[in-house]
Amino acid sequence: MRSPALRHVLTHLITPLLMCIGMGLAYMGAFVTPEPHHLPVAVVGTAPQAKVFAQTVKDTAGDKLDVRTVATRADAVGLLKSRTVTGAYVPSPKAPELLVASAASDMGATAVEKVFTPVAAKQGVPLKVTDVAEPVADDPTGQGLFFLLIALSIGSYASVAALGAAGAALPMRARALLTLGVSAAVSGIGALLAGPVFHLAHHDLAGVWGMAWLYSAGILFVGLGLHTFLKRWTTLTMMVLFVMLNFTSSGGLFRPELQNGFFGTLHAFWNGAGFVEGVRSLLYFGDDGLSRSAWTLVAWLLAGLVVTGIAALYERPRKARHAAGHTAPAAEAEAVTEVGAATVPAPAAAPRPAARAAEEEAEEEVEETVGV
């Protein structure tokens with residue numbers, strides 16, 4: 009290719025085109041055809057009729073449902089509030105009841121209703137649906153936490169370019185301190201959105217902020233460390249890790265039981281799922297499962313600190329060689345030329361083409377990330 013400018017443009021188009029492919033595969037693969045896969049439900053009752061009914065439901069649904077029986081309605085409520093089951097059916101010849109917890113997943117509750125409504129219809133009686141864990145009125149579908157996750161993610165991964173590219177001249181320690189500040193700012197914005205602005209969190213706002221800080225800091229430190237090695241490909245990598253795989257496996261829209269096995273598996277340990285499920289635990293389920301979600305976010309933060317530490321060790325000798333290479337030009341720039349009795353400073357050296365190229369690449373990376 010003869011034109012360097014055209015080659016430069018085409019090279020930079022690789023990233024958005026790969027993002028297009030990745031986003032299409034991830035979002036459409038995760039969200040387009042949600043179907044139950046071993047969706048856990050319960051049937052209340054210990055009599056033989058209840059067990060026969062449960063087995064009939066299981067045989068009819070096949071792999072779509074995992075059906076168990078529990079002794080009492082209170083046991084079923086306990087399983088719902090621990091998010092062990094998605095729905096519980098209380099058989100009755102006159103007034104059958106379906107128990108759900110829509111705060112855990114509005115889509116999951118809807119899926120369970122679709123399963124058991126025809127069962128009651130066959131008996132010729134209406135099905136009573138009782139929600140034992142409703143989201144707040146300001147977030148009726150419970151999906152506000154998913155959109156909060158998106159805001160926190162964008163604020164975090166988009167800041168990586170500024171910290172890594174524009175801040176490349178700073179020592180890693182300074183960039184790490186800036187990262188802590190950015191994570192505090194992003195999580196603070198998240199807390200404001202969740203609390204005073206949109207009222208998603210009617211209590212435990214400090215806990216929501218803490219979860220948001222762990223989440224944001226983990227992303228930022230992973231990105232800060234990776235940038236040392238990946239440079240302008242960091243943006244694409246961050247999109248894969250914290251958008252394509254993260255949003256789709258978070259459980260913010262569909263619980264893993266409504267997705268294929270790939271995204272369901274990621275839900276068990278990915279940081280977006282840790283944030284969403286952790287905040288749900290705080291706000292709706294009496295801290296049940298909170299510790300596991302918090303440790304998931306801590307693990308991601310520790311991974312980010314490790315990657316950043318490795319990057320710092322990698323940069324140290326490179327920066328030392330770079331500084332040594334500039335010693336002679338700096339001395340020449342400061343040299344003076346004696347003209348008679350006068351001493352005239354020599355003209356300052358013009359910026360190196362390589363330095364200008366590095367600055368332009370850093371600016372392009374920042375613009376590319378913000379555009380995304």
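Residue numbers (our numbering): 9 to 380. The C-beta atom is built at its ideal place from N, Cα and C for all residues, glycine as well.
Residues sharing a beta bridge with E105, DSSP: For the purposes of this step, residue 105 is identified with residue 97 of the sequence shown, where counting begins at 1. Partner(s): V98, K136.
In chain order, each alpha helix (DSSP H) run of at least 4 residues that lies wholly inside the region 120–188: 152–169
Through-space distance from W241 to R15, alpha-carbon basis: Residue mapping note: residue 15 aligns to position 7 of the sequence shown, counting from 1. Residue mapping note: residue 241 aligns to position 233 of the sequence shown, counting from 1. Rounded to the nearest angstrom, the two C-alpha atoms are 17 Å apart.
Under a Cβ-count criterion, where at least 16 other Cβ atoms within 10 Å of its own Cβ denotes burial, should L253 be classed as buried or exposed? The count along the sequence shown starts at 1 and reaches residue 253 at position 245. Buried is the call here.
Between G37, L25, R10, which has its C-alpha nearest F271's C-alpha? As a position in the sequence shown, residue 271 is number 263, starting the count at 1. The candidate whose alpha carbon is nearest that of F271 is G37.
Return the residue from the list H210, F229, K239, R81 that minimises the CA-CA distance to T23. Residue mapping note: residue 23 aligns to position 15 of the sequence shown, counting from 1. If we check each option's Cα against that of T23, K239 comes out closest.
Note down the Cα distance separating G198 from V78, rounded to an integer number of angstroms. Numbered from 1 along the sequence shown, position 190 holds the residue referred to as residue 198. Numbered from 1 along the sequence shown, position 70 holds the residue referred to as residue 78. Taking the straight line from one Cα to the other gives about 40 Å.
Alpha carbon to alpha carbon, how far is V127 from Y292? Give it in angstroms, no decimals. In the sequence shown, the residue the question calls residue 292 occupies position 284. In the sequence shown, the residue the question calls residue 127 occupies position 119. Each residue's Cα considered, the two are about 29 Å apart.
Do G280 and S258 have their C-beta atoms closer together than 7 Å? Here residue 280 corresponds to residue number 272 of the sequence shown, with the count starting at 1. Here residue 258 corresponds to residue number 250 of the sequence shown, with the count starting at 1. Yes.
Determine the direct distance from the alpha carbon of L87 to that of P48, and round the result to whole angstroms. For this step, residue 48 is matched to residue 40 along the sequence shown. For this step, residue 87 is matched to residue 79 along the sequence shown. About 10 Å.
I'd like to know whether the C-beta atoms of L290 and S224 end up nearer to each other than 7 Å. One-based indexing of the sequence shown puts residue 290 at position 282. One-based indexing of the sequence shown puts residue 224 at position 216. Contact: no.
Which residue from L234, A109, S299, A220 puts its Cα closest to that of I318? Counting from one through the sequence shown, the residue named residue 318 turns up at place 310. Of L234, A109, S299, A220, the residue nearest in Cα terms is L234.
Under DSSP, the alpha helix (DSSP H) around L14 begins and ends at which residues? Along the sequence shown, read from residue 1 onward, the residue named residue 14 stands at position 6. Taken as a continuous stretch (DSSP letters only), the alpha helix (DSSP H) holding L14 covers 12–39.
Just how far apart, CA to CA, sit V251 and L310? Along the sequence shown, read from residue 1 onward, the residue named residue 251 stands at position 243. Along the sequence shown, read from residue 1 onward, the residue named residue 310 stands at position 302. Using only the alpha carbons, I get a separation of about 20 Å.
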